[in-house]
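S.K.:
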Amino acid sequence: MTSNRDEAQTRTEIIDSQLARSGWSRSRRTLIEEFLLKTVEPESTDNDHQFADYILLGSDGTPIAVVEAKRSSRDELAGKRQAADYADAIKIQFGSEPFIFLTNGKEIQFWDRARYAPRKISGFYTRDDLERLRHQHQFAEPVDNVTINADIAGRDYQNEAIRRVTEGVDTAKRKFLLVMATGTGKTRTTIALVDTLLRSKRVQRVLFLADRRELVRQAMSEFKSYLPNESLARIESGETSGARIQFSTYPSMMQVYSRLSVGYYDLIVADESHRSIYQRYKAIFDHFDAIQLGLTATPTDYIDHNTFELFDCGDGAPSYYYSYEQAIADQNLVNYRVLDAQTNFQLQGIQGDVLPEPLKQMARDQGVDLDELNFDGSEIEKGIINQGTNDAMVKEFMDKSRKDVRGLPHKSIIFVVSHAHAKRLYEGFNRLYPELQRQGMAEIIDSHMERADATLDDFKYRTMPRVVISVDMLDTGVDVPAIQNLVFAKPVFSKVKFWQMIGRGTRLHIDKSTGEVKKDFLIIDHWKNFAYFKLKPDGEVEYPSEPLPVRLFRLRLEKWLLLHSQQQDTQTAIAALLAMLDALPRYSINVRPHWDDLDKLLRQWPEPSQSALEHLSKTIAPLMRFALLVSLEELQFRIWCERLTVACLKGDALEQTKVQERIQEAVFSLADNIPEVQRVSEQRVWVQSTGFWQHLDTARLSMLQSVFSPLMRYRTSIPSRTVEINLPDSITQRSWIIYGPTGEGAFAESYREQVEALVRRLAGQLPELAKLKQGEHLDDEELDQISKTLNQADLFVTEDTLRKAFEAPVASLADFLRHILCDGAQLPNREQRINAAFEAFIAAHGYLRANQLNFLRAVKAAVLRHGSITHAALSEPPLSRVGRVETLFPPQDIDELINLANQLLDDAA
């Protein structure tokens, strides 16, 4: 047995082969066993001769690492001090610090004494790995001493994100998580960070991982653009590379990672880092001993707690966070407006008996039995397909979408349910707008289409197509700043995915041909997705729906109480609840505070009471979301079984019938050719018989759950029958959802148009407006007279409403009137000028640290609010809450900052 091996056996049977796999062996003359060393004990002048278990030799023949081995039953860290003494002796004898490996055959710890504490690794470094690491030790400089290339990432928040990582690297951190809203330049920030680390010689080989080929291709293109002199390579089809910066999808890396050494990469960048990625591809991150950088655009409220733990963000705070709201406030992203638009059939459904007679006849002419038409609006594109509904959506898009000066829609994405749905919408464009389709206005991009990458490039860089109809492929990671229309032609139930889809339109853009500036973008929502995500604003922000394990636990609690109240046996129900408690990860940061409660429950289950139930339901049940109990299919089946049990105990016949049908369908859909399923063939026949359900009791329900739940992973899909018809449909509900009210009962665009028409009409009646139109200055009394005239029914125009309607929060009433009446008069845009000045200041001071950059952002915000900046102001709230200026900046920089800020204020005045 492994635990009984002594040290010699452990070395011979385990450690020798582990070293050999990494290229270390006596035959290759890369390793020496029992290496004689002269060590000097503290407080002693006598030399003590000792033998190091293994010495690993560099290409120059001198020791590069020492391996301290212990028998497999001992802790590998037990020899830490002994190995340190050996390393000290080697340093004295050979003049260089060796690396240290501590191992018991089962675990290996790597100790780079100059930088880190010992850490577990999956195998031994190769000679190339260690020599590259030694080169970094000899020639690297502190990363914070290397200036950030402002041509790659020059914005203040990007610089702060980079410095948060570089400062962490210099202080021995190895895991980082950057959360930055889509469109704020995560990739450019990453490129500038990689460039800084490469120039500091802190890393020499980088791996960039993404979950889709298009994202890898896009990232590699950006790296090539900004780092043209670096060697780049893409890992595909099982081929590896020696390039300095390598790119791969997760599946491609899974094919090759085991052939690469543990220390092959110095830095691994994981794009869109989520728990699902790490669950499926965790082996990659376990194998390589590299600095890890996770990137995501998901708002922190919706990031899974395990993602924070994976990147050592135990307090739920990422290494750096730049939110969508902050990016809008800083004018680095644009906001959205939503047109909520449902067709008549989406709202009312399609019922054959209530259709108007002309539509009934159309259905009959298409060979459809009116009795088959009994569908809710939510079943469109699922249980029923109506081309008229799709045509109504196409017409609504062409009518309401943002368009350019030529009348063509701006770049747009339509998110759809399936390829078949995409094809129907595409055919609708062909049929309704053939003249535009001849020019290639709308195209489909999904996994069914050949050369989808080429079509996406056309969408990005060419005039046509203007509209792409997408199934999943364009939901995330696609960078097309020109997009001004998004259409949700499908329901979305994931808050994370919902925000990623919105992110397709948030980037800034200026049309080069017309100079038109993108101020916001339009979302046409055909499925009330915004209403869906606003239905539960209280208490369910991080988890918009009840997680299935939590729901299962609460159902079992309800069953336990019902059984107890009916004086039935509760032991089986309690055992199931205790099994769920026992499955919780006890060392999870979220579970740890509840250890005492859990131990008490496991020792003695409480008697039913209101306080016990409330504690179990509100405190203990939510912990179940941290337990990986079973597969999703099995979990769902167990929930159905528990729902059926509760319904039986309550005597709820309607619920029984509904859940019984689901259970029977699930059991029926099991694959017949699976041995595990074949072994329960008799039980399957019984469950599908009438007799099983006529005499249902708790024993049968328990059998049903225990026998069939583990088999649910073998379910096969049963294609549902859909009815396809073509009835004319039209948009019957339309309402604007404005981000920030812009006047009751009006579209923002419509309100602006009405105000402009009113002002132009009054210009011929009010002498004050005529004077302003001629470019003359108005005094306060004249402006007050205009204000009183405008602030009347029906528009009630005020300076505040104009600021919201025109999205110019610092403009005055006179500014708006000049903008409307005087050709070429633009609303003041001092924010852009202030932002540019601060970015130039940061670029000229490339050595600034993260805390300094954060303070500068606060100063910029103060300037934007028209605050005067003095030495005293820098040391008073709100700036003093960010940091003490005297400790953050030298006097020269403080004076330069004050001069910059006050010059901007003077210009604004």
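Each residue of the sequence shown is one higher than the one before, counting from 488 in the numbering used here. Virtual Cβ for every residue (Gly too), placed ideally from N, Cα, C. Here the structure is a predicted model, which means the values were calculated and not measured.
Take residue 668 as the anchor and find which of 1177, 994, 1090 has the nearest alpha-carbon.
M.R.: Here residue 668 corresponds to residue number 181 of the sequence shown, with the count starting at 1. Per the Cα distances, 994.
S.K.: Less than 8 angstroms between the C-beta atoms of residue 991 and residue 1039, yes or no?
M.R.: For this step, residue 991 is matched to residue 504 along the sequence shown. For this step, residue 1039 is matched to residue 552 along the sequence shown. Cβ atoms of residue 991 and residue 1039: not closer than 8 angstroms.
S.K.: Residue 1027: buried (16+ other C-beta within 10 angstroms of its C-beta) or exposed?
M.R.: Here the question's residue 1027 lines up with position 540 in the sequence shown. In this prediction, residue 1027 scores a pLDDT of 23, lower than 50, which makes its location untrustworthy; the coordinate-derived value is nonetheless stated afterwards. Exposed: under 16 other Cβ atoms inside 10 Å.
S.K.: At the level of alpha carbons, what is the spacing between residue 1085 and residue 1068?
M.R.: Looking up residue 1085 in the sequence shown gives position 598. Looking up residue 1068 in the sequence shown gives position 581. Cα-Cα distance, rounded: 7 angstroms.
S.K.: Our contact map puts residue 1201 next to residue 1158 with C-beta atoms below 8 angstroms; I'd like the distance itself, whole angstroms only.
M.R.: Counting from 1 along the sequence shown, the entry for residue 1201 is found at position 714. Counting from 1 along the sequence shown, the entry for residue 1158 is found at position 671. The pair is a contact, with the Cβ atoms about 5 angstroms apart (cut-off 8 angstroms).
S.K.: Please state whether the Cβ-Cβ distance between residue 952 and residue 959 is less than 8 angstroms.
M.R.: Translated into positions along the sequence shown, residue 952 becomes position 465. Translated into positions along the sequence shown, residue 959 becomes position 472. No, these two residues do not count as a Cβ contact at 8 angstroms.
S.K.: Around the Cβ of residue 781, are there at least 16 other Cβ atoms within 10 angstroms (buried) or fewer (exposed)?
M.R.: Here the question's residue 781 lines up with position 294 in the sequence shown. Buried is the call here.
S.K.: By the three-class DSSP mapping on this structure, what secondary structure does residue 598 have?
M.R.: Translated into the one-based positions of the sequence shown, residue 598 becomes position 111. It is a strand residue.
S.K.: Measure the alpha-carbon distance for residue 677 versus residue 687 and round it to whole angstroms.
M.R.: Your numbering for residue 677 matches position 190 in the sequence shown. Your numbering for residue 687 matches position 200 in the sequence shown. Answer to the nearest angstrom: the Cα atoms are 15 angstroms apart.
S.K.: Smallest Cα separation from residue 457: which of 657, 636, 605?
M.R.: Residue 457 lies beyond the stretch modelled for the chain, which goes from 488 to 1396, so this question has no answer here.
S.K.: What is the DSSP secondary structure of residue 798, reduced to helix, strand or coil?
M.R.: As a first step, residue 798 must be located in the sequence shown, where it is residue number 311. Note: residue 798 maps to coil in three-state DSSP.
S.K.: For the region 631-694, list the beta strand (DSSP E) runs that are entirely contained and at least 3 residues long, ordered along the chain.
M.R.: If we require 3 residues or more, the beta strand (DSSP E) runs fully inside the region 631-694 come out as 662-667.
S.K.: Between which residues of its own chain and residue 1306 is the CB-CB distance below 6 angstroms, once the five residues before and five after are set aside?
M.R.: The sequence position of residue 1306 within the sequence shown is 819, counting from 1. The answer, listed in chain order, is 1312, 1314.
S.K.: Would you call the CB atoms of residue 900 and residue 981 closer than 8 angstroms?
M.R.: Against the sequence shown, residue 900 aligns to sequence position 413. Against the sequence shown, residue 981 aligns to sequence position 494. Their beta carbons are not under 8 angstroms apart, which means residue 900 does not touch residue 981 by this criterion.
S.K.: Is the region 731-741 touching the region 808-815 in the sense that three or more CB pairs, one from each, lie closer than 8 angstroms?
M.R.: The region 808-815 is not in contact with the region 731-741.
S.K.: Between which two residues does the alpha helix (DSSP H) carrying residue 921 extend?
M.R.: The residue labelled residue 921 in the question sits at position 434 within the sequence shown. It spans 921-924 - the alpha helix (DSSP H) in which residue 921 sits, taken as one unbroken run.
S.K.: With DSSP as the reference, identify every bridge partner of residue 931, one or two as the case may be.
M.R.: Locating residue 931 in the sequence shown gives position 444, where the first residue counts as 1. Residue 931 is bridged to 956.
S.K.: For residue 1053, does the three-state DSSP call read helix, strand or coil?
M.R.: Within the sequence shown, residue 1053 is the residue found at index 566, counting from 1. If DSSP states are grouped into helix, strand and coil, residue 1053 belongs with coil.
S.K.: At what residues does the alpha helix (DSSP H) containing residue 1172 begin and finish?
M.R.: Along the sequence shown, one-based indexing puts residue 1172 at 685. Start and end: 1168-1174.
S.K.: If you draw a straight line from the alpha carbon of residue 1006 to that of residue 664, how long is it in whole angstroms?
M.R.: For the purposes of this step, residue 1006 is taken as the residue at position 519 of the sequence shown. For the purposes of this step, residue 664 is taken as the residue at position 177 of the sequence shown. So the two alpha carbons sit approximately 30 angstroms from each other.
S.K.: What's the gap between the Cα of residue 1135 and the Cα of residue 1092?
M.R.: Looking up residue 1135 in the sequence shown gives position 648. Looking up residue 1092 in the sequence shown gives position 605. One C-alpha to the other measures close to 24 angstroms.
S.K.: One question on the structure: do residue 776 and residue 608 come within less than 8 angstroms of each other, judged by their Cβ atoms?
M.R.: Here residue 776 refers to the residue found at position 289 of the sequence shown. Here residue 608 refers to the residue found at position 121 of the sequence shown. Yes, these two residues count as a Cβ contact at 8 angstroms.
S.K.: Work out the CA separation of residue 1018 and residue 919 for me, nearest whole Å.
M.R.: Residue 919 sits at position 432 when you count from the first residue of the sequence shown. Residue 1018 sits at position 531 when you count from the first residue of the sequence shown. Each residue's Cα considered, the two are about 30 angstroms apart.
S.K.: Relative to the C-alpha of residue 906, which candidate in 891, 930, 923, 924 has its C-alpha closest?
M.R.: Within the sequence shown, numbered from 1, the residue matching residue 906 stands at position 419. Per the Cα distances, 930.
S.K.: Over the uninterrupted alpha helix (DSSP H) stretch that includes residue 738, give me the two end residues.
M.R.: The residue given as residue 738 occupies position 251 in the sequence shown. Where residue 738 is concerned, the enclosing alpha helix (DSSP H) stretches over 737-743.
S.K.: Using a Cβ-Cβ cut-off of 6 angstroms (strictly less than) and excluding sequence neighbours within five positions of residue 598, which residues of its own chain qualify?
M.R.: If you number the sequence shown from 1, residue 598 lands on position 111. Around residue 598: 587, 605.
S.K.: At the level of alpha carbons, what is the spacing between residue 704 and residue 517?
M.R.: Numbered from its first residue, the sequence shown carries residue 704 at position 217. Numbered from its first residue, the sequence shown carries residue 517 at position 30. So the two alpha carbons sit approximately 40 angstroms from each other.
S.K.: Which residue from 970, 878, 826, 583 puts its Cα closest to that of residue 997?
M.R.: Locating residue 997 in the sequence shown gives position 510, counting from the first residue. Cα-wise, what sits closest to residue 997 is 970.
S.K.: Contact defined as beta carbons within less than 8 angstroms: I believe residue 637 pairs with residue 1330. What is the distance between those atoms, to the nearest angstrom?
M.R.: If you number the sequence shown from 1, residue 637 lands on position 150. If you number the sequence shown from 1, residue 1330 lands on position 843. Yes, they are in contact, since the Cβ atoms of residue 637 and residue 1330 sit about 4 angstroms apart, within 8 angstroms.
S.K.: Any contact of the region 1249-1258 with the region 1271-1278, i.e. 3+ C-beta pairs under 8 angstroms?
M.R.: Short answer: they touch.
S.K.: May I have a chain-ordered list of the beta strand (DSSP E) segments no shorter than 3 residues that lie completely inside the region 572-622?
M.R.: If we require 3 residues or more, the beta strand (DSSP E) runs fully inside the region 572-622 come out as 586-590, 595-598, 606-608.
S.K.: Go ahead and label residue 698 buried or exposed: buried means 16 or more other beta carbons lie within 10 angstroms of its beta carbon, across all protein chains shown.
M.R.: For the purposes of this step, residue 698 is taken as the residue at position 211 of the sequence shown. Residue 698 is buried by the Cβ-count criterion.
S.K.: According to DSSP, is residue 1378 helix, strand or coil?
M.R.: The residue given as residue 1378 occupies position 891 in the sequence shown. Here residue 1378 sits in helix by DSSP.
S.K.: Taking only three categories from DSSP, how would you classify residue 547?
M.R.: The residue given as residue 547 occupies position 60 in the sequence shown. Three-state DSSP puts residue 547 in coil, outside helix and strand.
S.K.: Pick out whichever of 1285, 1188, 1087, 968 has its Cα sitting closest to the Cα of residue 1004.
M.R.: Locating residue 1004 in the sequence shown gives position 517, where the first residue counts as 1. Per the Cα distances, 968.
S.K.: According to DSSP, which residues form a beta bridge with residue 899?
M.R.: Start at 1 with the first residue of the sequence shown, and residue 899 comes out as number 412. According to DSSP, which records beta bridges pairwise, residue 899 is partnered with 954, 972.
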